[in-house]
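K.L.:
Residue numbers (our numbering): 1 to 396. Note that beta-carbon positions come from the ideal geometry of N, C-alpha and C, so glycine has one too. All values reported here derive from a predicted model rather than from experimental measurement.
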Amino acid sequence: MVKKSAIGLFFHPDMLLYTIILFLVEFVRGAALFSFLPIYGEHSLGLSLDVIGAAITAHYLTDTGLKLAIGYLLDRLSVRTIISVGCLLSLIGITAMQYADAAWIFITAAAIYGIGISPIWIVCLTKIREDQRATQMGVLYTIWLVGLGTGPVVTNLLLDYDASLTYWVLVAVSLTSWLLSLLITGGRSIHLDVVPFRKQLSILGSRLKEMKLLLPGMVLQTLSAGMLLPILPSFAVNDLGMSATHYSMLLLIGGGCTIIGLIPMGKLSDAYGKKWFLVIGFLCFGAILFALTFTPPISLAFFWASVLGISYAAVLPAWNALLAAYVPPGQQGLGWGVLSTVEGIGGMIGPIIGGVLATSFSQSSVIALAGLLFILISLFYIFFPFRIFRGEGSKA
Numbered sequence: 001m002v003k004k005s006a007i008g009l010f011f012h013p014d015m016l017l018y019t020i021i022l023f024l025v026e027f028v029r030g031a032a033l034f035s036f037l038p039i040y041g042e043h044s045l046g047l048s049l050d051v052i053g054a055a056i057t058a059h060y061l062t063d064t065g066l067k068l069a070i071g072y073l074l075d076r077l078s079v080r081t082i083i084s085v086g087c088l089l090s091l092i093g094i095t096a097m098q099y100a101d102a103a104w105i106f107i108t109a110a111a112i113y114g115i116g117i118s119p120i121w122i123v124c125l126t127k128i129r130e131d132q133r134a135t136q137m138g139v140l141y142t143i144w145l146v147g148l149g150t151g152p153v154v155t156n157l158l159l160d161y162d163a164s165l166t167y168w169v170l171v172a173v174s175l176t177s178w179l180l181s182l183l184i185t186g187g188r189s190i191h192l193d194v195v196p197f198r199k200q201l202s203i204l205g206s207r208l209k210e211m212k213l214l215l216p217g218m219v220l221q222t223l224s225a226g227m228l229l230p231i232l233p234s235f236a237v238n239d240l241g242m243s244a245t246h247y248s249m250l251l252l253i254g255g256g257c258t259i260i261g262l263i264p265m266g267k268l269s270d271a272y273g274k275k276w277f278l279v280i281g282f283l284c285f286g287a288i289l290f291a292l293t294f295t296p297p298i299s300l301a302f303f304w305a306s307v308l309g310i311s312y313a314a315v316l317p318a319w320n321a322l323l324a325a326y327v328p329p330g331q332q333g334l335g336w337g338v339l340s341t342v343e344g345i346g347g348m349i350g351p352i353i354g355g356v357l358a359t360s361f362s363q364s365s366v367i368a369l370a371g372l373l374f375i376l377i378s379l380f381y382i383f384f385p386f387r388i389f390r391g392e393g394s395k396a
């Protein structure tokens with residue numbers, strides 16, 4: 001029954017179109033954040049790591065800041081309108097990169113691109129069924145990660161050949177996602193009860209109060225990951241001695257292990273609860289990041305990447321299933337918008353912190369600090385009272 005439910009959801013014609021658009025949008029996002037912005041910005045435009053960090057922060061600032069508004073609009077306007085406008089803005093942002101010969105243009109283009117990211121992801125979240133949420137989250141994250149992972153791999157290979165070609169590939173993919181968004185049928189994301197906006201905010205406020213102990217972890221997780229974005233390509237080349245091809249393989253191994261592990265980990269999380277998936281997953285994150293600062297040989301770095309991928313697969317479905325308990329029925333667009341906004345605060349400030357620290361100290365110091373934060377998060381979840389959360393019960 002579980003498999004039938006998941007297949008029925010993700011191969012329904014409407015959901016299939018949503019996930020294709022999600023794949024294309026995340027392909028460009030992964031290419032931009034993990035490869036194009038850091039590598040093109042540093043080597044082709046001569047920008048410093050703190051400027052690159054500021055551009056990635058600007059991307060997350062507009063992405064995160066608009067999640068609340070987009071969630072509210074999705075409860076009221078057609079899905080096609082919201083997603084097509086978002087994809088168009090993403091296309092404009094990527095196209096503007098051709099003219100980013102000054103730092104402020106580079107940052108502004110990244111910010112405009114960030115505006116268009118939120119809608120498709122929130123729409124997909126509203127389509128998830130409640131009875132097998134962690135399992136179906138695993139399927140959705142598999143589609144998401146295939147796009148997010150293949151983007152930087154393809155981009156790294158193309159950047160070695162021709163930076164201009166890489167740019168036009170990203171523009172073409174963005175254009176395709178926008179054209180596909182015009183095929184979405186009209187209508188709202190889900191059938192919703194008409195509830196005044198103030199009442200919706202009141203409901204969400206009460207849910208946030210219930211999960212107030214979880215809020216610090218939400219911010220620290222994305223902050224730690226965000227710190228790594230501006231410096232990962234340079235760290236791989238300068239500290240680990242990797243070529244662009246090696247870096248592509250590193251991302252491919254880590255992403256592949258995540259994709260393979262997501263659905264099984266989602267099912268296990270449904271069966272046994274969330275706590276130890278979060279504890280062990282974040283502990284592995286921190287320990288492996290520390291290990292990378294000792295400049296291991298490339299073969300060992302590939303092994304650590306595979307362990308990181310499996311750890312990420314353990315964390316994602318458990319974490320999002322836990323958050324889903326606090327999305328009010330009937331206001332899923334708004335609910336996921338608010339929670340994604342809170343979760344994205346760390347993503348907004350992490351890249352600029354990572355860029356500034358790398359410029360002032362070293363790239364390895366950023367890796368070490370992120371590792372320490374992940375270990376602290378793991379310790380936090382060991383003592384966190386999961387049993388107070390609905391749906392955890394004896395499985396916590």
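What are the boundary residues of the alpha helix (DSSP H) that includes T162?
P.N.:
According to the sequence displayed, residue 162 carries Asp and not Thr. Element bounds for D162: n/a, residue is neither H nor E.
K.L.:
Compare the C-alpha of G241 against each of K274, L300, A58 and name the closest.
P.N.:
Residue L300 is the option with its Cα nearest to G241.
K.L.:
With Y99 as the anchor, note down where its alpha helix (DSSP H) starts and where it stops.
P.N.:
Looking at the DSSP string, Y99 is not in any alpha helix (DSSP H), and its letter there is neither H nor E.
K.L.:
Between the stretch 98-115 and the stretch 49-69, do at least 3 Cβ pairs fall closer than 8 Å?
P.N.:
A contact exists between the stretch 98-115 and the stretch 49-69.
K.L.:
Could you check where the alpha helix (DSSP H) with S362 kicks off and where it finishes?
P.N.:
Neither: S362 is in no alpha helix (DSSP H) and is coded neither H nor E.
K.L.:
W304 to T81, Cα distance in whole Å?
P.N.:
Using only the alpha carbons, I get a separation of about 43 Å.
K.L.:
Buried or exposed, going by whether 16 or more other CB atoms sit within 10 Å of the CB of I382?
P.N.:
Classification of I382: exposed, given that the 10 Å Cβ count is below 16.
K.L.:
Which one of I20, V153, Y167 has the shortest CA to CA distance from L100?
P.N.:
Correcting the residue type first, residue 100 is Ala in the shown sequence and not Leu. Ranking I20, V153, Y167 by Cα distance to A100 puts Y167 first.
K.L.:
Roughly how many angstroms separate the alpha carbons of G217 and L66, rounded to a whole number?
P.N.:
Answer to the nearest angstrom: the Cα atoms are 21 Å apart.
K.L.:
Counting only the same chain and skipping the five closest in sequence on each side, list residues whose C-beta sits under 6 Å from that of A110.
P.N.:
Closer than 6 Å at Cβ, skipping near neighbours: A55, A58, H59.
K.L.:
Does the beta-carbon of F27 have 16 or more other beta-carbons within 10 angstroms, so that it is buried, or is it exposed?
P.N.:
Label assigned to F27: buried.
K.L.:
Please classify D14: is it buried, with 16 or more other beta-carbons within 10 angstroms of its beta-carbon, or exposed?
P.N.:
Per the 10 Å Cβ criterion, exposed.
K.L.:
Going by DSSP, what residue range makes up the alpha helix (DSSP H) through M227?
P.N.:
It spans 215-228 - the alpha helix (DSSP H) in which M227 sits, taken as one unbroken run.
K.L.:
State the Cα-Cα distance for the pair C124 and V25, rounded to the nearest angstrom.
P.N.:
So the two alpha carbons sit approximately 13 Å from each other.
K.L.:
Which residues in the same chain have their Cβ closer than 7 Å to the Cβ of T155, if we skip the five residues on either side of it in sequence?
P.N.:
Correct list, in chain order: A31, S35, F36, T166.
K.L.:
Quick check on P297: buried or exposed, where buried means 16 or more other Cβ atoms within 10 Å of its Cβ?
P.N.:
Exposed, by the Cβ-count rule.
K.L.:
Please name the residue, chosen from G255, V279, L262, Y272, that lies closest to S306 on a Cα-to-Cα basis.
P.N.:
Per the Cα distances, G255.
K.L.:
If you check the beta carbons only, do A318 and S269 fall under 7 Å apart?
P.N.:
The answer is yes: Cβ separation under 7 Å.
K.L.:
Expressed to the nearest angstrom, what Euclidean distance is found between the alpha-carbon atoms of K275 and N320?
P.N.:
The straight-line gap from Cα to Cα measures roughly 12 Å.
K.L.:
So, for L159: in the same chain, excluding its five sequence neighbours on each side, which residues have a beta-carbon less than 8 Å away from its beta-carbon?
P.N.:
The answer, listed in chain order, is S35, F36, I39, Y40, T166, A244.
K.L.:
Report buried or exposed for D50, applying the criterion of at least 16 other Cβ atoms within 10 angstroms of its Cβ.
P.N.:
It is buried - the Cβ of D50 has at least 16 other Cβ atoms within 10 Å.
K.L.:
How would you call S181, buried or exposed, if buried means at least 16 neighbouring beta carbons within 10 angstroms?
P.N.:
Buried, by the Cβ-count rule.
K.L.:
If I'm right that A313 touches G354 with Cβ under 8 Å, what's the distance once you round it to whole angstroms?
P.N.:
A313 to G354, Cβ: 24 Å. No contact.
K.L.:
Taking DSSP as the reference, what is the three-state secondary structure of P296?
P.N.:
Three-state result, P296: coil.
K.L.:
Throw me the rounded Cβ distance for the F282 and F374 pair, which I believe falls under 8 Å.
P.N.:
Correct: roughly 5 Å between the Cβ atoms.
K.L.:
From C87 to I122, what does the alpha carbon distance come to, in whole angstroms?
P.N.:
Rounded to the nearest angstrom, the two C-alpha atoms are 14 Å apart.
K.L.:
Can L145 and T258 be called in contact, C-beta distance under 7 Å?
P.N.:
Cβ distance < 7 Å, so L145 and T258 count as in contact.
K.L.:
Which of the three DSSP states is assigned to E33 in this structure?
P.N.:
For the record, residue 33 in the displayed sequence is Leu; it is not Glu. Looking at L33 - three-state DSSP - the assignment turns out to be helix.
K.L.:
Going by Cα to Cα distance, which pick from L215, I352, I115, V279 is closest to M227?
P.N.:
Considering only alpha carbons, the answer is I352.
K.L.:
Give me, in chain order, the residues of the same chain whose beta-carbon lies closer than 7 Å to that of E343; leave out the 5 immediate sequence neighbours on both sides.
P.N.:
Cβ within range, chain order: M218, T222.
K.L.:
Between G147 and F23, is the Cβ-Cβ spacing less than 7 Å?
P.N.:
Going by C-beta atoms, G147 is nearer than 7 Å to F23.
K.L.:
Go ahead and label T185 buried or exposed: buried means 16 or more other beta carbons lie within 10 angstroms of its beta carbon, across all protein chains shown.
P.N.:
Looking at its Cβ environment, which holds fewer than 16 other Cβ atoms inside 10 Å, T185 is exposed.
K.L.:
In or out: G151 buried (at least 16 other Cβ within 10 Å) or exposed?
P.N.:
It is buried - the Cβ of G151 has at least 16 other Cβ atoms within 10 Å.
K.L.:
Give the range of the alpha helix (DSSP H) segment to which Y247 is assigned.
P.N.:
It spans 244-272 - the alpha helix (DSSP H) in which Y247 sits, taken as one unbroken run.
K.L.:
Taking I120 as part of the alpha helix (DSSP H), name the residues at either end of that continuous run.
P.N.:
Taken as a continuous stretch (DSSP letters only), the alpha helix (DSSP H) holding I120 covers 118-126.
K.L.:
Is the separation between the beta-carbon of I367 and that of L292 shorter than 7 Å?
P.N.:
The answer is yes: Cβ separation under 7 Å.
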